[in-house]
Amino acid sequence: MTKASLATKSRLTLKSCLLAAVALTGAVISGAAEAKTLKWGAAREIASLDPYSYGDTFTLSVLNHVYEGLVRYTGDLKIEPALAESWETVSPTVWRFKLRQGVKFHNGNPFTADDVVASLERVTHADSPLKGNLPAYKSSKTIDDFTVEIEVNGPYPLLLNDLTNIFVFDKEWLVANNSLLPTDSGKGVKGYATDNANGTGPFIVESRRADSKTVYVKNPNWWDKPQHNIDTIEFLPIASASTRVAALLSGEIDFTNVAPLQDLPRLSASPDVKVLQTNELRTVIFAFNLGDKLFESDVKDKNPLKDIRVREALYRAIDIDAVQKRAMRGLSRNTGALIAPAIPGYEPSQDVRLPFDLDGAKKLLTAAGYPAGFNFQMNCQSDGLVNEEEFCQAVAAMWSRAGFKPNLSLAPRSQQTPKRVKGEFDVISFGWANEPMIDAYSILIQVMRSKSGSGGVFNWGNWGDPRIDALIDKAGVELDTGKRITMMQEALKIAKTEHLFIPMHQQPMAWAMRSTVAQTVQASDNKPRLWLTTLK
Amino acid sequence: MPAFLLKRLLNAAGVMLAVAFIAFLIFRFVGDPVELMLNEQASQAQRDELRVRLGLDKGFVLQFATFVGNAVRGDFGISYRNQQEVFTLIAERFPATFELVLVATFLSLAIGIPLGVYTAIRRDSLLAKALQFVSVLGVSLPSFALGILFILVFSVTLQWLPAFGRGETVQLGWWSTGLLTASGRKALILPGVTLSLFQITLVMRLVRAEMMETMRTDFIRFARARGLTMRSVHFRHALRNCLMPVITVTGLQIGNLIAFALVTETVFQWPGMGLLFVQAVTFVDIPVMAAYLIVVSFIFVSLNTLVDLTYAWVDPRLREDALSGAANAR
Chain G
1 MTKASLATKS
11 RLTLKSCLLA
21 AVALTGAVIS
31 GAAEAKTLKW
41 GAAREIASLD
51 PYSYGDTFTL
61 SVLNHVYEGL
71 VRYTGDLKIE
81 PALAESWETV
91 SPTVWRFKLR
101 QGVKFHNGNP
111 FTADDVVASL
121 ERVTHADSPL
131 KGNLPAYKSS
141 KTIDDFTVEI
151 EVNGPYPLLL
161 NDLTNIFVFD
171 KEWLVANNSL
181 LPTDSGKGVK
191 GYATDNANGT
201 GPFIVESRRA
211 DSKTVYVKNP
221 NWWDKPQHNI
231 DTIEFLPIAS
241 ASTRVAALLS
251 GEIDFTNVAP
261 LQDLPRLSAS
271 PDVKVLQTNE
281 LRTVIFAFNL
291 GDKLFESDVK
301 DKNPLKDIRV
311 REALYRAIDI
321 DAVQKRAMRG
331 LSRNTGALIA
341 PAIPGYEPSQ
351 DVRLPFDLDG
361 AKKLLTAAGY
371 PAGFNFQMNC
381 QSDGLVNEEE
391 FCQAVAAMWS
401 RAGFKPNLSL
411 APRSQQTPKR
421 VKGEFDVISF
431 GWANEPMIDA
441 YSILIQVMRS
451 KSGSGGVFNW
461 GNWGDPRIDA
471 LIDKAGVELD
481 TGKRITMMQE
491 ALKIAKTEHL
501 FIPMHQQPMA
511 WAMRSTVAQT
521 VQASDNKPRL
531 WLTTLK
Chain A
1001 MPAFLLKRLL
1011 NAAGVMLAVA
1021 FIAFLIFRFV
1031 GDPVELMLNE
1041 QASQAQRDEL
1051 RVRLGLDKGF
1061 VLQFATFVGN
1071 AVRGDFGISY
1081 RNQQEVFTLI
1091 AERFPATFEL
1101 VLVATFLSLA
1111 IGIPLGVYTA
1121 IRRDSLLAKA
1131 LQFVSVLGVS
1141 LPSFALGILF
1151 ILVFSVTLQW
1161 LPAFGRGETV
1171 QLGWWSTGLL
1181 TASGRKALIL
1191 PGVTLSLFQI
1201 TLVMRLVRAE
1211 MMETMRTDFI
1221 RFARARGLTM
1231 RSVHFRHALR
1241 NCLMPVITVT
1251 GLQIGNLIAF
1261 ALVTETVFQW
1271 PGMGLLFVQA
1281 VTFVDIPVMA
1291 AYLIVVSFIF
1301 VSLNTLVDLT
1311 YAWVDPRLRE
1321 DALSGAANAR
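Each protein sequence line maps, in turn, to chains G and A. Under this note's numbering, think of the first position of the first sequence as 1, with each following residue one higher. Under this note's numbering, think of the first position of the second sequence as 1001, with each following residue one higher.
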């Protein structure tokens, strides 16, 4: 805290003390004197106050303090009731939700079934960038003031998971401000919800200056019993990592959800700062171009990567411990599985890597008919995954040692993504967190499924396997959790034995906070939940 | 004069059109905004549909023509990322950048001119030599490194000044100012000094060179022969004759400072136009990038035009009809 803001604060406190002393009892004085503020230094500004405006997980996680969904994740990523109290499936395609009664929006309007239907219509509207967050949605209707029915396209086991990220607006407020429809960037007209907010959540937006400061104050009428003791959150984006670290060390911020890995030792060394470090849900893998031809190679007539021996050689050539120690600063978690342990569908038996074996790799490469190796293009991003540049360079060097001739292309995410989408690569580094679903179905349907209809959007390199596709399609309509998970595990096992991808690691994440923060919950989805945070 | 003015204005419009054109050429290589706007679960059809709605499927020429057509009417569209009117976004951030540039310019003159005079008239002293040496450092130190260094010293170690942001601001109509509050003024110091350091050394070296030139001229010799005090010779006679180029360069440099403030703004999280632009590039926010480049080129062009016009007014030799004669006279 700067001296200046300290001074303002004490002046304010003095004033409120005087007022209190005149009017009220001593107990209130101490209460007023302890107004608790958390200064949150984030790495970037949120896109807008409208959660349905930009497909950005971080924006959603911040706005979750203001808006809530029918259900939410607990600190250990289990689904629990939020605005809905209970639910049942009336038929395999119809879900009925009983809503919580007595909930009020920040403007005082009561929360009812109409609000839920209006919000669902808004997020699934054709112009909404978040339409894909609720892929199974068909329609919804109110049964009575506190009962809603949602119909889905077909039996769909993951509706609750999707609903954790579908926030509920106040219909009356949307109508009054002409915002029932989502903002359409194509039309170029600003929406009211872009800089105004009215949710049911634990915090209320008090003021906002983009890129400077957004102030959230405690919602005194929150329906849930608060586990936090925060009165005010000051959200302060600081884009430059070194400035953020400096601000934390100097006490200008109390908390950051993006502590740069290279500064962790320095932060830990400070007596006033503590670092919370763990591994994310995001699993990093290498994926291949498995089309008929390589994109950039001296082998023109066929695709060597289609040979499982070549893929295994690439796998065995990676010294993962060296990558972990050097490129990832000892902070990543090596993985043999394609998903993180916290994701349903994970099996410890699949989390075993092929050993690092340089000679074996060379032998495999020779056996496949490429004793002199071959060229291929490796597409990595300079600003995508954690230390992506470093680990890509390390792996490229290891592959060269095994006889391959990788040509590493490094550029910012915004430039690499179009090339990746068009399949203009031979090998890519790729990270998948399985968010917002938090279920292995996410990577299966979006990444591993052969392209068809809505599946395989991220199948950029023509990988896939008919056996995997069949299992995914079956799991997609299976409502029995146990059976569904077995199917998904089977599909993942096929991908693993075929070496369709090379698993690398779960990437590290680090938060840092000053000693003013007594306790918080750091879940592996990397979302701060300040309603579970207490200050000293 | 009217013909000269018209020609100047046409030139200015031409430059801005060229900037917009080049910007649009570059946008084709910065990436695809749609991939960043939609989240992971969006289907390919949804992606294509959004691309069509944004008009990104259209050809380059058509996109450029649409942009120019809208821009002429003052309509820059809304930001892909923030969904706010681009014009408002830029107008909101302009005061922050402008105040920073103003402070930097003030510092560069207030510090640069005395130092320049000193190093010119005491050019053999140890201090002058040291200043000359330090000024080389000032020119060559990148401002992000300098900014971080300042933050470490003055924010982390000494805890005198804030490491980031603008402090408390006061709203005067649409203009937000940090000059009226203590925390706002404090917050201006570090970024202001960081941004001005290059400028200080520039002014100092310019003044020094001009002073040394002037000090050799006859009228200075006569002034000294008349027995005027050295102080009066240096400041009343010599320095005054040096100031014209200094003012010109400072005026032109304001455009530069506005454009290059983006590094300083990023380091100090200064909520100005540069920070907005850097973020727009990260998220391929084409409307914001295009509008920013237009605004900055507008500032550049108007400053240049203004300087040209002032010159023509002040110095008859530079007027169009006298140009050939002027060339000989110079």
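No residue lacks a Cβ here, since even glycine has one placed at the ideal position from N, Cα and C. Just so we're clear, the structure is a prediction, and the values are computed from it rather than from any experiment.
Query	Result
Residues within the segment 1138-1163 of chain A neighbouring chain G, beta-carbon criterion of under 9 Å	F1144, G1147, I1148, I1151, L1152, S1155, V1156, T1157, Q1159, W1160, L1161, P1162, A1163
Same chain, Cβ closer than 8 Å to A:L1158, five either side skipped, listed in chain order	none
Buried/exposed call for G:S30, threshold 16 Cβ in 10 Å	Per-residue confidence for G:S30 stands at a pLDDT of 41, beneath the threshold of 50, marking its modelled position as unreliable; the derived number appears in the next sentence. The residue is exposed, with fewer than 16 neighbouring Cβ atoms inside 10 Å.
Short CB-CB distance (under 8 Å) between A:M1211 and chain G	no
Check whether G:W432 and G:R282 have beta carbons under 8 Å apart	yes
Cβ shell of G:V22 (< 8 Å), same chain only, five flanking positions each side left out	At G:V22 the pLDDT is 39, less than 50, meaning the model places this residue with poor confidence; the figure from the coordinates comes in the next sentence. Within the same chain, G:V22 has no close Cβ partners at all.
Under the three-state DSSP convention, the category G:R44 falls into	coil
DSSP state of G:P110 mapped onto helix, strand, coil	strand
Simplified DSSP state of G:W463, which is helix, strand or coil	coil
Chain G contact residues for A:R1216, given Cβ-Cβ distances below 9 Å	Correct list: empty, because the minimum Cβ distance to chain G is about 47 Å.
Chain-ordered neighbours of A:L1038 on chain G, where CB pairs are closer than 7 Å	G55, P129, G132
Helix, strand or coil at G:Q522 according to DSSP, with G and I counted as helix	coil
Terminal residues of the beta strand (DSSP E) in which G:M504 lies	501-514
8 Å Cβ cutoff met for G:F97 and G:K104	no
DSSP-derived helix/strand/coil call for A:F1021	helix
CB contact below 8 Å: A:D1032 versus chain G	yes
Same chain, Cβ closer than 7 Å to G:S454, neighbours up to 5 away in sequence not counted	P135
CB contact flag (G:R208, G:T200, <8 Å)	no
Own chain partners of G:K451 with C-beta closer than 6 Å, once the 5 adjacent residues on each side are dropped	N459
Of the residues G:N375, G:L174, G:I285, G:Y192, the one placed nearest G:R353, counting alpha carbons only	G:I285
Within chain A, partners of G:P418 - CB distance below 8 Å	G1031, D1032, E1035
Of the listed residues G:A342, G:D319, G:L70, nearest to G:T278 (C-alpha basis)	G:A342
Helix, strand or coil at G:R208 according to DSSP, with G and I counted as helix	strand
Residue of G:L492, G:S349, G:P202 minimising C-alpha distance to G:I443	G:L492
Span of the beta strand (DSSP E), counted from its first residue to its last, around G:F430	427-432
Chain G contact for A:Q1171 (CB, 8 Å cutoff)	no
Option nearest A:A1071 by Cα separation, candidates A:W1313, A:S1232, A:F1021, A:V1207	A:F1021
Per DSSP, the bridge partner or partners of G:K104	G:P110
Span separating the alpha-carbon of G:R44 from that of G:V258	10 Å
Same chain, Cβ closer than 7 Å to G:M398, neighbours up to 5 away in sequence not counted	A317, I318, D319
Reduced DSSP category for G:Y156 - H, G, I as helix; E, B as strand; rest coil	coil
Alpha carbon of G:E80 to alpha carbon of G:I438, nearest angstrom	14 Å
Separation of G:A42 from G:P237, as counted between CA atoms	5 Å
Helix, strand or coil at G:S452 according to DSSP, with G and I counted as helix	strand
Minimum C-alpha distance to G:A537 - residue among G:V521, G:M513, G:Q522	Because residue 537 of chain G is not part of the residues shown, which for chain G are 1 to 536, the question remains open.
Backbone CA spacing between G:E579 and G:K138 [nearest angstrom]	As displayed, chain G neither begins before 1 nor continues past 536, which places residue 579 of chain G out of reach and without an answer.
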